[in-house]
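What follows is a short report on a single structure.
Residue numbers (the numbering used here): 142 to 385.
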């Protein structure tokens, strides 16, 4: 049986999906962009694009060239390839494909891409462009498999953690290049300087653990999400897969 599943995107939610499917015996291949803008890098296989390899809860993913994918799969590892258009799917003909880019819209995934095609979050319609949709909104329906129709639309308001929603997020104050002063896992106080964007300070708005932070040196745009503060202040959460 063909047990290859391609996952488009290697962020924290995509990594949780990849981890569970890999543990269940599937072969996993992740496709990414050249400079992933993942925030929770310590639990994101996409970080392998920057570091060469990335281990999350005992499973390691390796950044490889498309020509080395089969070798990596044979070694029972997870290959990560830079292939934004997922062109490799035409060659490998996977059994399953999961679009976990979380673009809030369908960027080109269709039911013809594999025998089983799953869309994660809003932007997909089960029965129309994918076979199934997985709900990503926090709350009662998080993780629910939708057999017909779409996930809840994006509200633009982050989920509540410890009584905070949008306050948890760290956003770019302007266009430019991001340079961090703190690292994931650090405790930060409200008002602390987390980094700079072209010399402009990036400040924490609440106390907590810096749960996510954009990779150093990446270009950002005004109001782009570049960090995540967890007011629960449990550093161990930074290195384990979670609901969101």
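Where is the CB? At the ideal position from N, CA and C, for every residue including glycine.
Remember, predicted model here, so these are calculated numbers, not experimental data.
Exercise for the section: Go through its chain and collect everything with a Cβ distance to residue 214's Cβ below 8 angstroms, but skip five positions before and after it. Expected result: If you number the chain shown from 1, residue 214 lands on position 73. Around residue 214: 145, 168, 170, 220.
Practice task
Please report how far the alpha carbon of residue 247 lies from the alpha carbon of residue 275, in whole angstroms.
Solution key: Position 106 of the chain shown, counting from 1, holds the residue named residue 247. Position 134 of the chain shown, counting from 1, holds the residue named residue 275. Rounded to the nearest angstrom, the two C-alpha atoms are 14 angstroms apart.
Handout entry: Beta-bridge partners of residue 195, as assigned by DSSP
Key = What you label residue 195 is simply residue 54 of the chain shown in a count that begins at 1. DSSP output for residue 195 lists 202 as bridge partner(s).
Exercise for the section: Express the C-alpha separation of residue 284 and residue 308 in angstroms, rounding to a whole number. Expected result: In the chain shown, the residue the question calls residue 308 occupies position 167. In the chain shown, the residue the question calls residue 284 occupies position 143. In a straight line, the C-alpha of residue 308 is about 24 angstroms away from that of residue 284.
Practice task
Just tell me which of 282, 177, 287 has its CA closest to the CA of residue 270.
Solution key: To locate residue 270, count along the chain shown from 1; it is residue 129. Nearest C-alpha to residue 270: 287.
Problem - residue 319, enclosing beta strand (DSSP E) - first and last residue - result: The sequence position of residue 319 within the chain shown is 178, counting from 1. Residues 317–321.
Problem - Spatial neighbours of residue 160 in its chain, beta-carbon cut-off 7 angstroms, leaving aside the 5 residues before and after - result: The residue given as residue 160 occupies position 19 in the chain shown. Result list for residue 160: 197, 198, 200, 382, in chain order.
Practice task
Could you tell me the distance, in whole angstroms, from the CA atom of residue 236 to the CA atom of residue 256?
Solution key: One-based indexing of the chain shown puts residue 236 at position 95. One-based indexing of the chain shown puts residue 256 at position 115. Each residue's alpha carbon lies about 5 angstroms from the other.
Exercise for the section: Please say whether residue 357 and residue 320 have beta carbons closer to each other than 8 angstroms? Expected result: Taking the first residue of the chain shown as 1, we reach residue 320 at position 179. Taking the first residue of the chain shown as 1, we reach residue 357 at position 216. It is a contact, given that the beta carbons lie within the stated cut-off.
Exercise for the section: Buried or exposed for residue 305, please, with buried defined as at least 16 other CB atoms from any protein chain shown within 10 angstroms of its CB. Expected result: The residue given as residue 305 occupies position 164 in the chain shown. By the 10 Å Cβ count, residue 305 comes out buried.
Exercise for the section: May I have the straight-line CA-CA distance separating residue 330 from residue 238, to the nearest angstrom? Expected result: Locating residue 330 in the chain shown gives position 189, where the first residue counts as 1. Locating residue 238 in the chain shown gives position 97, where the first residue counts as 1. Rounded to the nearest angstrom, the two C-alpha atoms are 41 angstroms apart.
Practice task
Look at the alpha carbon of residue 365 and the alpha carbon of residue 342, and state the distance between them as a whole number of angstroms.
Solution key: Your numbering for residue 365 matches position 224 in the chain shown. Your numbering for residue 342 matches position 201 in the chain shown. Computed Cα separation, rounded: 14 angstroms.
Exercise for the section: Give every residue of the same chain whose Cβ lies closer than 8 angstroms to the Cβ of residue 375, excluding the five residues on either side of it in the sequence, and list them in chain order. Expected result: For this step, residue 375 is matched to residue 234 along the chain shown. Result list for residue 375: 350, in chain order.
Handout entry: Simplified DSSP assignment, three categories, for residue 184
Key = Reading the chain shown from its first residue, position 43 is the one you call residue 184. Assigned with DSSP and collapsed to three states, residue 184 falls in helix.
Handout entry: Nearest candidate by alpha-carbon position, reference residue 302, set 292, 261, 348
Key = Within the chain shown, numbered from 1, the residue matching residue 302 stands at position 161. Ranking 292, 261, 348 by Cα distance to residue 302 puts 348 first.
Handout entry: residue 310 beta carbon less than 8 angstroms from that of residue 369
Key = Position 228 of the chain shown, counting from 1, holds the residue named residue 369. Position 169 of the chain shown, counting from 1, holds the residue named residue 310. Yes. Within cutoff.
Practice task
Whole angstroms is fine: what's the gap from residue 194's alpha carbon to residue 316's?
Solution key: Numbered from its first residue, the chain shown carries residue 194 at position 53. Numbered from its first residue, the chain shown carries residue 316 at position 175. Looking at the two C-alpha atoms, the distance is approximately 29 angstroms.
Exercise for the section: Would you kindly check if the distance between the Cβ of residue 313 and the Cβ of residue 367 is under 8 angstroms? Expected result: Locating residue 367 in the chain shown gives position 226, counting from the first residue. Locating residue 313 in the chain shown gives position 172, counting from the first residue. Contact annotation: residue 367 and residue 313 have beta-carbon atoms nearer than 8 angstroms.
Handout entry: Rounded straight-line distance, which links the Cα of residue 156 to that of residue 261
Key = Taking the first residue of the chain shown as 1, we reach residue 261 at position 120. Taking the first residue of the chain shown as 1, we reach residue 156 at position 15. Roughly 12 angstroms between the two C-alpha positions.
Practice task
Return the residue from the list 272, 362, 172, 231 that minimises the CA-CA distance to residue 206.
Solution key: As a position in the chain shown, residue 206 is number 65, starting the count at 1. Distance check between residue 206 and each of 272, 362, 172, 231 places 172 closest, using alpha-carbon atoms only.
Practice task
Kindly indicate which three-state DSSP category residue 163 falls into: helix, strand or coil?
Solution key: Numbered from its first residue, the chain shown carries residue 163 at position 22. The answer is helix: DSSP assigns residue 163 an H, G or I state.
Handout entry: Closest residue to residue 152 among 355, 363, 373 (Cα-Cα distance)
Key = Against the chain shown, residue 152 aligns to sequence position 11. Measuring from the Cα of residue 152, the nearest candidate turns out to be 355.
Exercise for the section: Given a cut-off of 8 angstroms, decide if residue 241 and residue 264 are closer than it, judged by their beta-carbon atoms. Expected result: What you label residue 264 is simply residue 123 of the chain shown in a count that begins at 1. What you label residue 241 is simply residue 100 of the chain shown in a count that begins at 1. Cβ distance not < 8 angstroms, so residue 264 and residue 241 don't count as in contact.
Exercise for the section: Within the same chain, show all residues whose beta-carbon is closer than 6 angstroms to that of residue 183, passing over the 5 residues directly before and after it, in chain order. Expected result: Counting from one through the chain shown, the residue named residue 183 turns up at place 42. Closer than 6 angstroms at Cβ, skipping near neighbours: 325, 379, 380.
Practice task
Label residue 177 either buried or exposed according to how many other C-beta atoms from any shown protein chain fall within 10 Å of its C-beta, with 16 as the threshold for buried.
Solution key: To locate residue 177, count along the chain shown from 1; it is residue 36. Of the other Cβ atoms in all chains shown, 16 or more fall within 10 Å of the Cβ of residue 177; this residue is therefore buried.
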